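Asker:
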Amino acid sequence: MAPVAEKRAFPTKRTEVTIGDGLPLTRRAIVTGLSGLVAAHSSGAWAEPLVRPDVRIVSLNWAISETLYAMQVRPIGAAEITGYDEMVGYPPTPSGIVDVGFQSDPNLELLSSLAPNIVLIQSWQSGLRSIIERFSRVESFTLYARGGDPFARAREATLQIAEIAERPSMGVDLIDHIDRRLERYRVRLSAYDRRPIYLVQALTPTNLVVFTTGSLFDEVMRRLGLANAWSAPPDLLWGSTHIGVDALSTDPEARIIWIASPDHGASEGLFRSALWQSLPQVRAGRIGHLPMVWGFGGLPTAERFGGLLTSLLVEDGGA
Amino acid sequence: MTEALALDRDASSGVSPRHLAFLLALFGGSATAWHLHAEFPVSVWRELFANSGAHDAHAAVLWYAALPRIAVSLIAGASLGLAGAVMQTVLRNPLAEPTTLGMSAGAALALTAATLWVPGLLAIGREFIAATGSAGAALVVFGLSWRQSLSPLRLVIAGLIVSLYCGALAAILTLFHYDHLQSVFVWGTGSLLQNDWSTTRYLLPRFVMALFVIALLLRPLSVMALEDESARSLGLSLRSIRLVSLGTAIALSAVVVSAVGVVGFVGLAASALAKLSGARTSRQRLFWAPLLGALLLWSADQFVELLGRGFSEIPTGSVTALMGAPLMLWLLPRLKQAIPPSMAADAAQRVPLEWLVLGCLLTLLLLLAWPMFAVGQSPEGWHFTQWTELQNVLSWRWPRFVAAVSAGAMLGIAGTLLQRLTGNPMASPEILGVSSGAALGVIVIVFAVAAPGRPMQICAAAIGAALTLAATFALARKSAFSPERMLLAGVALGSIFTGLVSFLITIGDPRTQLLLSWMAGSTSHVTSDDATIAAFIALTAMALAPLPTRWLAILTTGAANARAVGVDVAKARSILFALTAILTAVPTLLVGPLTFVGLMAPHILRMAGVQRPIPLCLGAAIVGALIMAVADWLGRNLLFPYQIPAGLLATFVGGPYFLWLMRSRAT
Chain Z
52 MAPVAEKRAF PTKRTEVTIG DGLPLTRRAI VTGLSGLVAA HSSGAWAEPL
102 VRPDVRIVSL NWAISETLYA MQVRPIGAAE ITGYDEMVGY PPTPSGIVDV
152 GFQSDPNLEL LSSLAPNIVL IQSWQSGLRS IIERFSRVES FTLYARGGDP
202 FARAREATLQ IAEIAERPSM GVDLIDHIDR RLERYRVRLS AYDRRPIYLV
252 QALTPTNLVV FTTGSLFDEV MRRLGLANAW SAPPDLLWGS THIGVDALST
302 DPEARIIWIA SPDHGASEGL FRSALWQSLP QVRAGRIGHL PMVWGFGGLP
352 TAERFGGLLT SLLVEDGGA
Chain Y
204 MTEALALDRD ASSGVSPRHL AFLLALFGGS ATAWHLHAEF PVSVWRELFA
254 NSGAHDAHAA VLWYAALPRI AVSLIAGASL GLAGAVMQTV LRNPLAEPTT
304 LGMSAGAALA LTAATLWVPG LLAIGREFIA ATGSAGAALV VFGLSWRQSL
354 SPLRLVIAGL IVSLYCGALA AILTLFHYDH LQSVFVWGTG SLLQNDWSTT
404 RYLLPRFVMA LFVIALLLRP LSVMALEDES ARSLGLSLRS IRLVSLGTAI
454 ALSAVVVSAV GVVGFVGLAA SALAKLSGAR TSRQRLFWAP LLGALLLWSA
504 DQFVELLGRG FSEIPTGSVT ALMGAPLMLW LLPRLKQAIP PSMAADAAQR
554 VPLEWLVLGC LLTLLLLLAW PMFAVGQSPE GWHFTQWTEL QNVLSWRWPR
604 FVAAVSAGAM LGIAGTLLQR LTGNPMASPE ILGVSSGAAL GVIVIVFAVA
654 APGRPMQICA AAIGAALTLA ATFALARKSA FSPERMLLAG VALGSIFTGL
704 VSFLITIGDP RTQLLLSWMA GSTSHVTSDD ATIAAFIALT AMALAPLPTR
754 WLAILTTGAA NARAVGVDVA KARSILFALT AILTAVPTLL VGPLTFVGLM
804 APHILRMAGV QRPIPLCLGA AIVGALIMAV ADWLGRNLLF PYQIPAGLLA
854 TFVGGPYFLW LMRSRAT
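Protein chains in written order, with this note's numbering: chain Z, 52 to 370; chain Y, 204 to 870.
#1: Look at Leu471(Y) and Gly287(Y) and say whether their C-beta atoms are less than 7 Å apart.
#2: So what does DSSP say about Ile825(Y), is it helix, strand or coil?
#3: I'd like the span of the alpha helix (DSSP H) that includes Gly562(Y), first residue to last.
#4: Leaving out five residues before and five after Ala224(Y) in sequence, what residues of the same chain have Cβ atoms less than 8 Å from its Cβ?
#5: Of all Cβ atoms in chain Y, is any one closer than 7 Å to the Cβ of Asp153(Z)?
#6: Where does Arg306(Z) sit, in a helix, a strand or coil, going by DSSP?
#7: Assuming contact is defined by CB atoms lying nearer than 7 Å, are Ile215(Z) and Leu165(Z) in contact in what I supplied?
#8: Below 7 Å between beta carbons: does that hold for Ala853(Y) and Ala834(Y)?
#9: Would you report the Cα separation of Arg409(Y) and Ile273(Y), rounded to the nearest angstrom?
#10: To the nearest angstrom, how far is it from the Cα of Ala775(Y) to the Cα of Phe799(Y)?
#11: Taking CB distances under 7 Å as the criterion, tell me whether Val296(Z) reaches chain Y.
#12: Within the same chain, show all residues whose beta-carbon is closer than 6 Å to that of Ile115(Z), passing over the 5 residues directly before and after it, in chain order.
#13: Closer than 7 Å by beta-carbon distance: list the chain Z residues that pair up with Leu325(Y), in chain order.
#14: Output the distance between the C-alpha atoms of Gly71(Z) and Arg218(Z), rounded to the nearest integer angstrom.
#15: Quick check: the region 737 to 750 of chain Y against the region 666 to 673 of chain Y, are there 3 or more CB pairs under 8 Å?
#16: Would you grab the beta carbon distance between Thr787(Y) and Pro632(Y) for me? Rounded to a whole angstrom, and I think it's under 8 Å.
#17: Could you check the C-alpha separation between Asp156(Z) and Leu802(Y) for me, to the nearest Å?
#18: Evaluate Thr83(Z) with the Cβ neighbour count: other Cβ atoms within 10 Å of its Cβ, from every protein chain shown; 16 or more gives buried, anything less gives exposed.
#19: Based on the DSSP output, what are the partners of Gln173(Z) in its beta bridges?
#20: Is it buried or exposed, Met827(Y), if we count other Cβ atoms within 10 angstroms and call 16 or more buried?
#21: In chain Z, what lies closer than 7 Å to Val396(Y) by C-beta?
#22: Helix, strand or coil for Gly71(Z) per DSSP?
#23: How many angstroms separate the CA atom of Phe855(Y) from the CA atom of Cys369(Y)?
#24: Comparing C-alpha positions only, which one of Phe415(Y), Leu449(Y), Leu407(Y), Val321(Y) sits nearest to Leu151(Y)?
#25: Provide the residue span of the alpha helix (DSSP H) that contains Thr315(Y), from first to last.
#26: Using beta-carbon positions only, say whether Thr519(Y) and Gly393(Y) come within less than 7 Å of one another.
#27: In whole angstroms, give me the CA-to-CA distance for Leu424(Y) and Met810(Y).
#28: Establish whether the CB of Thr77(Z) and some CB of chain Y are separated by less than 7 Å.
#29: When burial is assigned at 16 or more other CB atoms within 10 Å of the CB, is Ala475(Y) buried or exposed?
#30: Out of Leu314(Y), Gln660(Y), Arg295(Y), Ala299(Y), state which residue places its alpha-carbon closest to the alpha-carbon of Val426(Y).
#31: Return yes when the Cβ of Leu312(Y) is within less than 7 Å of the Cβ of Ala373(Y), no when it is not.
#32: Quick check: the Cα distance between Ala887(Y) and Gly152(Z), rounded to an integer number of angstroms?
#33: Using a cut-off of 8 Å between C-beta atoms, extract the partners of Ile182(Z) located in chain Y.
#34: Any residues in the region 241 to 272 of chain Z with a beta carbon nearer than 7 Å to a beta carbon of chain Y? Which ones, in chain order?
#35: Taking the straight line between their C-alpha atoms, what separation do you get for Pro285(Z) and Phe262(Z)?
#36: Note down, in chain order, every chain Z residue with its Cβ under 7 Å from the Cβ of Tyr267(Y).
Structure below.
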């Protein structure tokens with residue numbers, strides 16, 4: 052683990068803070084807003100109002116939306132707002148943003164009527180690019196791809212998005228903030244017993260996915276100095292593998308953490324099944340579970356996951 | 204009804220069900236032995252037998268995962284075999300089984316809806332939800348074919364349509380919850396993974412109960428396989444015996460769906476294999492089908508286990524679906540059909556008002572075009588766009604409108620051509636698998652070439668459609684294009700396609716995301732170039748329609764007659780093939796392979812009294828255009844700003860009328 056070396060790879064420290072256009076915004080305001088990141092999922096208190104930049108931005112992607120909201124930038128439109136608030140919700144969608152329809156199939160007529168300057172997408176949506184370019188600039192980001200480090204990509208994307216929103220300092224501040232948070236979690240985790248961790252989520256009452264390299268969660272764990280007990284490369288898209296419960300018995304000394312599924316508990320019978328109960332890790336009580344965290348987010352989701360995991364491990368998994 | 208199929212009596216190969224069962228058991232047994240031996244050394248077995256209470260981890264995997272999985276595969280297979288055999292006996296229909304009669308799809312839809320909306324119900328009872336869905340689908344299917352005394356062909360077609368409906372509904376549900384897609388999917392493709400003995404404990408008593416009921420009814424059931432008259436003369440209450448045995452089969456298949464998901468074709472395969480290997484009487488078949496079903500699913504599952512070792516889980520249901528298709532194709536030449544198709548009679552009656560009907564339809568399309576352009580939802584609510592502001596929205600609305608209308612028109616013509624060409628009233632690009640073929644062509648080109656352009660996509664789709672058509676015709680030629688054979692071939696090809704798409708989703712290739720949205724039939728990305736090309740092809744096809752329809756009129760009277768009036772049969776047929784392929788490929792690219800407009804449009808016309816080839820062809824084009832136009836408009840506005848793909852909605856727009864038509868039309 053080399054978080055220090057990691058840091059060198061990215062331009063995180065920019066001491067000069069530039070706040071453009073004479074808007075009533077101070078660095079203090081941003082930081083206050085950002086610190087809401089941690090409090091948000093418990094209290095729901097987000098610092099409003101957000102800044103509406105001069106550029107008219109529309110986000111067609113949840114990972115980009117959460118990044119914008121965390122940087123206190125308010126886009127004019129965003130895709131699938133109801134779904135976002137249910138599945139991601141961190142930070143929640145600010146008021147006054149137009150819902151432009153599905154991420155993969157937005158309402159183009161509505162989108163064009165908003166007269167955006169820039170539409171933000173992820174590269175898996177690039178099929179939309181040519182048609183949107185008829186009325187707006189399109190910027191595409193790759194957070195998730197086969198292989199690679201989504202956390203590092205999310206950092207780069209954050210800087211680029213801030214640049215596009217004409218608030219470069221906010222990107223730097225967000226990264227700064229996330230880094231400091233993760234560093235704090237890493238220090239807190241020195242109390243943890245260092246057992247490798249299986250991170251799983253139930254698909255059905257008998258099927259699981261395990262998060263592997265190439266997932267955001269794996270990268271966050273690596274940065275927190277935690278080892279993933281699943282070492283094989285992913286079989287599924289964006290860093291996961293479809294498995295049965297028996298596959299978890301390979302490393303009996305590991306700890307198992309399960310993340311709640313978005314199916315309102317329909318698949319949770321899995322965690323009461325006899326095979327699950329007979330897993331050596333479960334018998335030894337080396338299990339824990341996290342509330343639902345969206346698996347394909349950006350930096351805010353990464354930070355939220357790190358915070359939740361740290362509290363879980365330090366509270367009941369300590370040495 | 205005389206459309207019943209009978210299997211060739213001569214079992215010339217000399218195989219008996221006993222041999223077949225032995226072979227399957229040998230295969231399943233050795234696969235199991237290999238797999239168990241590799242995973243669990245002797246010490247684990249010793250541990251398992253030594254203390255049956257607290258096991259060590261490895262023994263627990265053996266006891267709670269590996270062994271229950273074998274038990275579940277055997278019981279589920281036996282249940283599906285039994286359900287299939289009962290359905291086939293009662294309905295005298297060799298194609299009947301839970302998947303072909305729409306019951307699996309009904310159960311799957313009910314469970315998907317429950318998962319999304321009332322997950323609390325799942326905890327109370329998955330089986331009741333599944334049984335409700337499955338019984339609902341069964342009611343619709345039987346209701347649709349009741350007037351035709353449950354004729355085999357009608358039943359299977361009704362089953363297909365109900366499956367399609369349920370599939371389309373489930374697709375709309377997952378559009379809004381696509382984070383659940385993978386879990387719905389894993390479950391919908393039938394995974395036999397087990398974590399304890401609860402599924403075994405759930406399935407076994409239910410299977411035994413069903414077995415008991417069927418055993419009680421064995422005598423009447425074997426009489427029922429004979430003609431109704433002889434059964435009635437024995438003093439049997441046909442209706443109540445049918446009802447009880449069918450009800451049992453439906454309940455049993457719902458139980459299987461709720462326990463392990465949709466595992467297709469096992470019931471069909473088990474019954475067909477029993478018959479083919481010489482189980483002649485229904486009593487023999489009711490005995491062998493469950494046994495063969497159990498062995499089949501067990502072997503298939505152990506094969507999947509060997510295949511998937513060290514990789515991710517492959518749902519067993521997606522593998523049985525893939526294996527089922529070749530089996531059905533292999534079955535085709537062995538099915539003997541009783542009565543030749545009846546279609547040529549249609550041309551005899553003439554309705555003088557044909558052109559008037561056409562005129563009315565065209566006027567309707569033109570009248571609707573304006574409000575469909577102008578009326579729509581905006582963030583402020585419903586809005587009628589004034590002439591002056593129309594400029595702003597026109598560039599968005601015309602390409603998708605024109606593309607939808609052209610696609611509908613092309614499908615209407617393709618459907619008419621196919622129905623005439625095959626003399627089969629149920630033929631259509633969707634049902635004969637031609638659309639699936641076109642879609643397969645697109646998938647191949649998308650995966651083979653980095654970024655295929657439109658012309659290349661059209662070529663690939665057309666080649667796929669043409670190859671499928673040729674294959675279907677080759678398979679059906681011997682039987683003079685009997686409806687049953689063509690349908691079977693189409694279903695088989697369609698299931699290969701579905702199996703392939705399932706597999707792609709399971710391996711999670713990023714390109715499947717695009718494929719899914721295209722398959723659903725979204726018109727919102729259509730460019731003005733696409734629309735122009737589509738309109739051009741549609742108009743050309745309509746202008747040229749008189750030419751092939753004249754051939755068709757001649758061809759349907761028989762090849763000899765056609766030669767007598769100087770038509771080169773081979774040439775005419777290949778030109779018609781090519782035309783149908785193109786008229787299927789282009790709409791498939793625009794609105795996806797799932798519309799059913801090609802099936803509905805000609806029927807709606809015929810219902811309106813239009814019979815002669817040329818007005819029928821042109822009219823079907825107009826009706827197809829109407830259906831797609833309405834579907835596109837509804838898709839744009841119904842859940843604004845979210846857009847429902849027009850292809851998906853087309854089934855709902857034209858479907859009710861078609862279902863009503865099917866119910867009321869007595870052939």
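Just so you know, even glycine gets a beta-carbon here, dropped at the ideal spot from N, CA and C. Quick caveat, the model's predicted, so the values are computed rather than measured.
Answerer: Short version:
#1: Taking 7 Å as the Cβ cut-off, Leu471(Y) and Gly287(Y) qualify as a contacting pair.
#2: helix
#3: 557 to 577
#4: Trp491, Leu494, Leu495, Leu498
#5: Note on residue identity: the sequence assigns Phe, not Asp, to residue 153(Z). Phe153(Z) counts as touching chain Y.
#6: Strand.
#7: no
#8: yes
#9: Whole-angstrom Cα-Cα distance: 17 Å.
#10: 26 Å
#11: yes
#12: Leu171
#13: Ala317
#14: Residue placement at Gly71(Z) is poorly supported in this model, since its pLDDT is 34, which falls under 50; the coordinates still yield a value, given next. Between Gly71(Z) and Arg218(Z), the C-alpha separation is close to 7 Å.
#15: no
#16: That pair is a contact at about 4 Å.
#17: Looking at the two C-alpha atoms, the distance is approximately 28 Å.
#18: Because the pLDDT of Thr83(Z) is 44, which lies under 50, any placement of that residue in the model is unreliable, and the number read from its coordinates should be weighed accordingly. Exposed: under 16 other Cβ atoms inside 10 Å.
#19: Phe192(Z)
#20: At residue 827(Y) the sequence reads Gly, which differs from the Met that was named. Classification for Gly827(Y): buried.
#21: Here residue 396(Y) is Leu; the residue named in the question, Val, does not match the sequence. By Cβ distance, chain Z contributes Thr257, Asn258, Gly295.
#22: Unreliable placement is indicated for Gly71(Z), whose pLDDT of 34 sits below 50; no coordinate value is reported for it.
#23: Going by C-alpha positions, Phe855(Y) is about 11 Å away from Cys369(Y).
#24: Chain Y is shown from 204 up to 870; residue 151(Y) falls before or after that span and cannot be answered.
#25: 306 to 320
#26: yes
#27: 38 Å
#28: A caution first: Thr77(Z) carries a pLDDT of 39, below 50, which makes its placement in the model too unreliable to give a value.
#29: buried
#30: The shortest C-alpha to C-alpha distance from Val426(Y) to any of Leu314(Y), Gln660(Y), Arg295(Y), Ala299(Y) is the one to Arg295(Y).
#31: yes
#32: No answer is possible for residue 887(Y): it lies beyond the span of chain Y, which begins at 204 and ends at 870.
#33: His728, Thr730
#34: Leu254, Thr255, Thr257, Asn258
#35: Taking the straight line joining both Cα atoms gives about 8 Å.
#36: Ordered by position in chain Z, the residues that pass the 7 Å Cβ test against Tyr267(Y) are Ala325, Leu326, Ser329.
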